[in-house]
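Asks: Got a structure here, written out as structure tokens. Questions coming.
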Amino acid sequence: MPGPFCKINYTLNTPRFFNLGIILLFIIIVILPILFMMVAPFWGQNAYHLGTLFDERHFGLAKNSLELAVGTICLSLVIGIPLAFLLSRTNLWAKNLFKTLYLIPILIPPYIHAIVWSHLDSWISQFLSLDIHSLYGAIFVLTLAYFPFVTLMTISGIKSIDRNLEEASLIHHGPWKTLRGITLPLALPHILSGALFVFIFSIIDFGVPDILRVNVYPVEIFIQFGALYDERAAAMLSFPLITITLILVMLQKWYMGGRSYVNLTAGSGKDITYHLGIINPLAFTFCLIVFSLSVLIPVAVLVKKAGSLSNYIRVLNTSIDQITYSLILAVLGGLLALFLGFFMSYIIERTKSKVVICLELASLIPFAIPAITLGIGLIKVWNRPTIDFVFRCPLIIILGYIAHSISFTIRIICSGIKQINPHLEEAGFLGTSSWTKVVGKIVMALLTPSLLVGFFIAFILSLGELGTTLLVIPPGRETIPIKIYNLMHYGADQMVAALCLILVGITLAFSAIFLGFYKRAKMFLRC
Amino acid sequence: MKRLISLLFVLLLALGCAKEGQKEVVVYTSVDQVFSEPILKDFEKKTGIKVKAVYDVEATKTVGLVNRLMAEKENPKCDVFWNNEIVRTIVLKKKGVLTPYNSPSAEDIPSQFKDKDYYWTGFAARARVLIYNTKMLKETGLPKSIFELTEPKWKGKVALAYPLFGTTATHIAALYAILGREKAEEYLKALNANKVVIVDGNSVARDMVVKGKLPLAFTDTDDANVAIQSGKPVKMIYPDSNGIGTLLIPNTVALIKGCPHPDEGKKLIDYLLSKEVESKLAFCESANMPIRDGVKKPLHVPEFSSIKAMEIDYYKVAENLDRSARFCQGLFVR
Numbered sequence: 005m006p007g008p009f010c011k012i013n014y015t016l017n018t019p020r021f022f023n024l025g026i027i028l029l030f031i032i033i034v035i036l037p038i039l040f041m042m043v044a045p046f047w048g049q050n051a052y053h054l055g056t057l058f059d060e061r062h063f064g065l066a067k068n069s070l071e072l073a074v075g076t077i078c079l080s081l082v083i084g085i086p087l088a089f090l091l092s093r094t095n096l097w098a099k100n101l102f103k104t105l106y107l108i109p110i111l112i113p114p115y116i117h118a119i120v121w122s123h124l125d126s127w128i129s130q131f132l133s134l135d136i137h138s139l140y141g142a143i144f145v146l147t148l149a150y151f152p153f154v155t156l157m158t159i160s161g162i163k164s165i166d167r168n169l170e171e172a173s174l175i176h177h178g179p180w181k182t183l184r185g186i187t188l189p190l191a192l193p194h195i196l197s198g199a200l201f202v203f204i205f206s207i208i209d210f211g212v213p214d215i216l217r218v219n220v221y222p223v224e225i226f227i228q229f230g231a232l233y234d235e236r237a238a239a240m241l242s243f244p245l246i247t248i249t250l251i252l253v254m255l256q257k258w259y260m261g262g263r264s265y266v267n268l269t270a271g272s273g274k275d276i277t278y279h280l281g282i283i284n285p286l287a288f289t290f291c292l293i294v295f296s297l298s299v300l301i302p303v304a305v306l307v308k309k310a311g312s313l314s315n316y317i318r319v320l321n322t323s324i325d326q327i328t329y330s331l332i333l334a335v336l337g338g339l340l341a342l343f344l345g346f347f348m349s350y351i352i353e354r355t356k357s358k359v360v361i362c363l364e365l366a367s368l369i370p371f372a373i374p375a376i377t378l379g380i381g382l383i384k385v386w387n388r389p390t391i392d393f394v395f396r397c398p399l400i401i402i403l404g405y406i407a408h409s410i411s412f413t414i415r416i417i418c419s420g421i422k423q424i425n426p427h428l429e430e431a432g433f434l435g436t437s438s439w440t441k442v443v444g445k446i447v448m449a450l451l452t453p454s455l456l457v458g459f460f461i462a463f464i465l466s467l468g469e470l471g472t473t474l475l476v477i478p479p480g481r482e483t484i485p486i487k488i489y490n491l492m493h494y495g496a497d498q499m500v501a502a503l504c505l506i507l508v509g510i511t512l513a514f515s516a517i518f519l520g521f522y523k524r525a526k527m528f529l530r531c
Numbered sequence: 033m034k035r036l037i038s039l040l041f042v043l044l045l046a047l048g049c050a051k052e053g054q055k056e057v058v059v060y061t062s063v064d065q066v067f068s069e070p071i072l073k074d075f076e077k078k079t080g081i082k083v084k085a086v087y088d089v090e091a092t093k094t095v096g097l098v099n100r101l102m103a104e105k106e107n108p109k110c111d112v113f114w115n116n117e118i119v120r121t122i123v124l125k126k127k128g129v130l131t132p133y134n135s136p137s138a139e140d141i142p143s144q145f146k147d148k149d150y151y152w153t154g155f156a157a158r159a160r161v162l163i164y165n166t167k168m169l170k171e172t173g174l175p176k177s178i179f180e181l182t183e184p185k186w187k188g189k190v191a192l193a194y195p196l197f198g199t200t201a202t203h204i205a206a207l208y209a210i211l212g213r214e215k216a217e218e219y220l221k222a223l224n225a226n227k228v229v230i231v232d233g234n235s236v237a238r239d240m241v242v243k244g245k246l247p248l249a250f251t252d253t254d255d256a257n258v259a260i261q262s263g264k265p266v267k268m269i270y271p272d273s274n275g276i277g278t279l280l281i282p283n284t285v286a287l288i289k290g291c292p293h294p295d296e297g298k299k300l301i302d303y304l305l306s307k308e309v310e311s312k313l314a315f316c317e318s319a320n321m322p323i324r325d326g327v328k329k330p331l332h333v334p335e336f337s338s339i340k341a342m343e344i345d346y347y348k349v350a351e352n353l354d355r356s357a358r359f360c361q362g363l364f365v366r
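The listed protein sequences derive, respectively, from chains A and B.
Take any residue in the first sequence, note its place counting from 1, add 4, and you have its number in our numbering.
Take any residue in the second sequence, note its place counting from 1, add 32, and you have its number in our numbering.
In structure tokens form, the structure reads like this:
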């Protein structure tokens with residue numbers, strides 16, 4: 005695999021007005037609502053001072069949040085790394101089946117994991133001696149939802165290792181020493197990137213701690229909004245989350261260098277394979293337990309709760325509009341996040357300017373913005389008589405989806421662009437003066453797998469989004485997550501379970517289609 | 033690319049970005065969709081005015097709509113706010129989100145349930161009650177007052193929804209208003225010392241009693257009634273009939289200042305405040321108690337006059353909401 009390429013010393017021939025347009029669009033859609041919320045506390049008569057808001061209790065909550073995030077990272081590493089090694093370097097039984105299935109848990113929204121495990125609280129306390137309504141319970145549930153990030157990134161890391169190094173080591177040392185001394189250290193940047201994603205997701209997550217009744221920092225932000233109606237204090241409480249996320253993402257970016265983040269199907273079967281021998285049953289059992297806890301049990305509980313087929317039919321009859329509406333919005337949100345994310349990434353990676361560093365930093369901020377803060381920011385920016393049409397229609401939800409998911413899309417596409425030699429583009433410009441042809445036929449073509457992953461992540465995040473959507477959804481409309489939470493309040497467990505299963509089914513169907521496209525794109529590039 | 037952009041544009045138009053010509057009214061409601069939607073549909077049928085609703089979600093998340101209304105204040109999108117309680121409507125009045133409307137349908141509603149300047153009107157009340165499991169507790173040993181729950185015999189046996197949100201927050205603020213800050217905080221500390229079990233919402237508290245995990249819980253009449261009507265082994269206690277009385281929490285309805293469809297909004301308010309709607313809310317699973325005479329109701333819904341209602345100034349409750357929430361935040365850290 006080619007190494008990272010340096011930034012080139014000039015701006016490629018994308019027209020300056022186009023670049024400015026894209027940057028402006030990014031600022032208006034993504035940065036402005038966030039900036040509005042971040043600056044507002046310091047404005048006006050009752051301006052806040054940072055020191056007056058934070059007290060001892062916040063440090064206690066921050067400690068809980070850090071424990072939750074670090075605990076989730078540790079458990080995710082304990083599960084995710086061995087799983088990645090088993091799936092990429094061994095002759096594990098049913099390896100191909102597990103390789104297809106291990107990503108399913110991240111396709112199930114975390115609040116659904118939490119709903120399921122809180123139904124099983126007595127079982128889990130009896131067999132695992134774990135109180136699900138505790139910090140450890142939340143760590144358990146968040147790990148089951150997010151460990152595939154570690155596995156995914158570790159597999160990508162292992163696949164990108166030069167096999168000659170491992171083979172050289174194997175001549176003199178055994179497999180264990182090679183794994184410990186060569187494979188693991190070389191895959192470490194990827195492993196840590198996976199851990200970072202887990203950290204960000206678990207430290208800003210509100211849904212799981214809320215359902216499991218664990219007091220963490222985001223709950224405090226929610227209380228400021230929901231109980232005290234102080235949106236400015238709530239926005240200010242987001243500062244530590246933004247700061248810590250920015251620092252970590254910058255550190256990780258520096259450590260990752262130019263490596264590619266995700267490589268779902270890398271390798272062509274020529275990898276080194278360790279034979280597990282007598283421990284194969286043990287390894288198989290480990291994978292089976294992980295898969296059971298993260299997929300089989302949640303789905304089985306939902307199927308049992310949902311009851312007979314007539315419940316699914318009832319849910320489909322009453323929710324078909326919401327399902328269609330959610331799908332269209334998530335596809336549009338994914339496409340537009342992809343469009344903006346691609347050109348932003350292209351500007352970031354192919355332009356040498358100090359402005360780009362600011363842009364790159366700005367593109368990381370949405371990682372740490374709580375959904376409700378983003379929602380209020382969107383209302384403040386877009387709810388104006390002159391641009392009324394934006395707020396009156398679903399465009400506002402799509403803008404929310406873009407802001408919510410664009411950090412991930414940009415990070416993935418940026419790492420993809422790093423792998424493309426800029427000389428290819430230079431060569432392209434020798435043949436044509438049209439920048440659209442060069443970008444379209446060279447860059448986008450070579451980048452197809454990254455673009456697909458970027459779209460897919462934006463689509464999945466949009467489909468499960470609740471906090472922002474509730475604040476900006478046009479009257480008379482509903483999305484699937486809103487419907488699920490509505491039914492939860494009423495106590496319609498059967499319908500909640502059936503609708504959760506339908507949501508998971510839709511996500512899986514789309515994932516299967518996506519994986520098909522992704523594999524074809526990879527094969528095409530290899531040819 | 034051009035084709036893609038055209039397609040996106042057409043899809044957005046199809047999704048409802050185009051302006052519509054039909055008469056319509058926009059309502060934000062925190063009343064459960066299963067109860068409010070049929071009533072709004074009936075209004076549509078009767079008047080031909082299309083109702084566009086935004087429903088709030090799960091119990092502790094009833095923050096969305098109030099925050100949304102405050103954020104939209106400069107350019108309101110909503111005409112009518114139909115709240116399933118009263119205190120947050122008063123918060124909205126204080127924030128300048130509401131405008132007065134004296135509905136003709138509200139003439140016979142008692143003055144304690146109306147704003148004196150007509151910013152909001154109450155109807156169809158719920159009560160804060162205790163729910164108990166009939167298999168776990170005998171009639172003779174039941175508590176008559178919420179103040180008995182600090183006694184050792186109830187240690188670790190009572191569930192209370194997280195008191196920062198919803199009607200539980202209102203209940204605590206009402207105790208502040210009626211007892212004074214010092215006594216209310218003393219009571220809360222005693223409850224906490226007696227290991228009251230804090231749960232996520234009133235429906236969760238009810239479910240713990242239904243499943244027999246705890247014998248007793250604070251909840252609302254609508255949550256309790258859903259369980260009673262489906263034959264679960266639970267009953268309700270209207271507490272403090274010989275003391276401070278039971279807290280009644282009416283639904284409230286209010287017109288939004290500067291709303292886009294004021295005439296249609298007023299028609300919807302008139303309809304919601306009618307005896308017909310109050311009766312429908314009494315007959316549905318939420319079993320709301322009519323707050324005026326002459327409204328048809330099922331037998332299991334008590335007469336307003338048969339309950340000793342807590343004599344409370346709802347404005348004082350709203351004033352105490354912030355203070356009581358902050359105290360509970362410190363006391364009941366999960």
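Glycine included, every Cβ here is placed at the ideal spot set by N, Cα and C.
(1) Between D254 of chain B and chain A, is any beta-carbon pair separated by less than 8 Å?
(2) What residues in the region 357 to 385 of chain A have a beta carbon less than 7 Å from any beta carbon of chain B?
(3) Using the rule of at least 16 other Cβ atoms within 10 Å of the residue's Cβ for burial, across every protein chain shown, is T147 of chain A buried or exposed?
(4) With contact counted as at least three CB pairs below 8 Å, one residue from each stretch, are the region 58 to 68 of chain A and the region 183 to 200 of chain A in contact?
(5) In chain order, what residues of the same chain lie with their CB nearer than 6 Å to the CB of T251 of chain B, ignoring the 5 residues before and after it?
(6) Tell me whether the region 142 to 156 of chain B and the region 320 to 331 of chain B touch, counting them as touching only if at least three CB pairs, one residue from each stretch, are closer than 8 Å.
(7) In this structure, does DSSP put G263 of chain B in helix, strand or coil?
(8) Give a yes or no on contact between the region 236 to 247 of chain A and the region 117 to 136 of chain B, applying the rule of three or more CB pairs nearer than 8 Å.
(9) Answer yes or no: does any C-beta atom of chain A fall closer than 8 Å to that of V190 of chain B?
(10) Give me the residue from A:Q498, A:A191, A:E224 and A:H194 with the minimum Cα distance to I207 of chain A.
(11) Which word fits K422 of chain A, buried or exposed, when buried means at least 16 other C-beta atoms lie within 10 angstroms of its C-beta?
(12) Output yes if chain A places a C-beta closer than 8 Å to the C-beta of N99 of chain B; else output no.
(13) Considering only the beta carbon of each residue, do K78 of chain B and Q54 of chain B sit closer than 8 Å?
(14) Roughly how far, in whole angstroms, is the beta-carbon of A319 of chain B from the beta-carbon of T278 of chain B, given that I think they are within contact range, below 8 Å?
(15) Of all the CB atoms in chain A, is at least one closer than 8 Å to the CB of R355 of chain B?
(16) Within 10 Å of its beta-carbon, does W114 of chain B have 16 or more other beta-carbons around it, so buried, or fewer, so exposed?
(17) Assuming L280 of chain A contacts G458 of chain A under a Cβ cut-off of 8 Å, what Cβ separation, rounded to an integer in Å, is found between them?
(18) Within its chain, find whatever has a CB closer than 6 Å to the CB of P152 of chain A; leave out the 5 residues flanking it on each side and keep chain order.
(19) Mind reading off the beta-carbon distance from V86 of chain B to P479 of chain A? Whole number of angstroms is fine, and I expect it under 8 Å.
(20) Could you confirm whether any beta carbon from chain A is found closer than 8 Å to the beta carbon of N224 of chain B?
(21) Can you say whether A357 of chain B is buried or exposed, counting buried as having 16 or more other CB atoms within 10 angstroms of its CB?
(22) Please report the straight-line C-alpha distance between F295 of chain A and L456 of chain A, rounded to a whole angstrom.
(23) Counting only Cβ pairs nearer than 7 Å, list the residues of chain B close to G480 of chain A.
(24) Determine the burial state of V299 of chain A: buried for a count of at least 16 other Cβ atoms within 10 Å of its Cβ, exposed for fewer.
(25) Under 8 Å between beta-carbons, which chain A residues line up against V349 of chain B? List them in chain order, please.
(26) From A:G432, A:L491, A:M499 and A:A513, pick the residue whose C-alpha is nearest to that of F463 of chain A; which is it?
(27) Residues bridged to K82 of chain B by DSSP?
(28) Taking only beta carbons into account, state which residues of the region 229 to 242 of chain B come closer than 8 Å to chain A, listed in chain order.
(29) Three-state secondary structure (DSSP) at V129 of chain B?
(30) What number of angstroms, rounded off, separates the C-alpha of G178 of chain A from the C-alpha of F347 of chain A?
(31) Drop a sphere of 10 angstroms on the beta-carbon of C362 of chain A, count the other beta-carbons inside from all chains shown, and report buried for 16 or more, exposed for fewer.
(32) Please give the ranges of any alpha helix (DSSP H) in the region 183 to 246 of chain A, keeping only runs that are unbroken, at least 4 residues long and fully inside the region.
(33) Quick check on the DSSP output: what are the complete alpha helix (DSSP H) runs of length 4 or more inside the region 239 to 323 of chain B, in order along the chain?
(34) Quick one, are the C-beta atoms of L333 of chain A and S466 of chain A less than 8 Å apart?
(35) Out of A:I510, A:H176, A:G230 and A:I376, state which residue places its alpha-carbon closest to the alpha-carbon of G198 of chain B.
(36) With distances taken Cα to Cα, identify the nearest neighbour of I230 of chain B among B:Q361, B:G80 and B:V63.
Replies: The answer reads as follows:
(1) no
(2) I380, I383 and K384
(3) Burial check for T147 of chain A: the Cβ neighbour count within 10 Å reaches 16 or more, so the residue is buried.
(4) Not touching, per the Cβ criterion.
(5) Cβ neighbours of T251 of chain B beyond the five flanking positions: I163, N234, A237 and R238.
(6) They touch, by the three-pair rule.
(7) It is coil, neither helix nor strand.
(8) no
(9) Not closer than 8 Å to any Cβ of chain A, the Cβ of V190 of chain B fails to qualify, so no.
(10) A:E224
(11) buried
(12) yes
(13) No, they are not a contact pair.
(14) Going by Cβ atoms, the distance from A319 of chain B to T278 of chain B rounds to 15 Å, so no, they are not a contact pair.
(15) no
(16) buried
(17) Between G458 of chain A and L280 of chain A the Cβ distance is about 35 Å, and since that is not below 8 Å, they are no contact.
(18) Y106, L107, P109 and I110
(19) Cβ-Cβ separation between V86 of chain B and P479 of chain A: approximately 5 Å, consistent with a contact (criterion under 8 Å).
(20) no
(21) By the neighbour-count rule (16 or more Cβ atoms within 10 Å), A357 of chain B is buried.
(22) The alpha-carbon of F295 of chain A is positioned some 26 Å away from that of L456 of chain A.
(23) K84 and A85
(24) buried
(25) Neighbours of V349 of chain B on chain A: none; closest Cβ ~14 Å, over 8 Å.
(26) A:A513
(27) B:E56
(28) I230, V231, D232, G233, S235 and D239
(29) coil
(30) 47 Å
(31) Answer is exposed; the Cβ neighbour count stays below 16.
(32) 188 to 208, 211 to 215, 221 to 230 and 235 to 241
(33) 253 to 261, 294 to 304 and 307 to 315
(34) yes
(35) A:G230
(36) Comparing Cα positions, the closest option is B:Q361.
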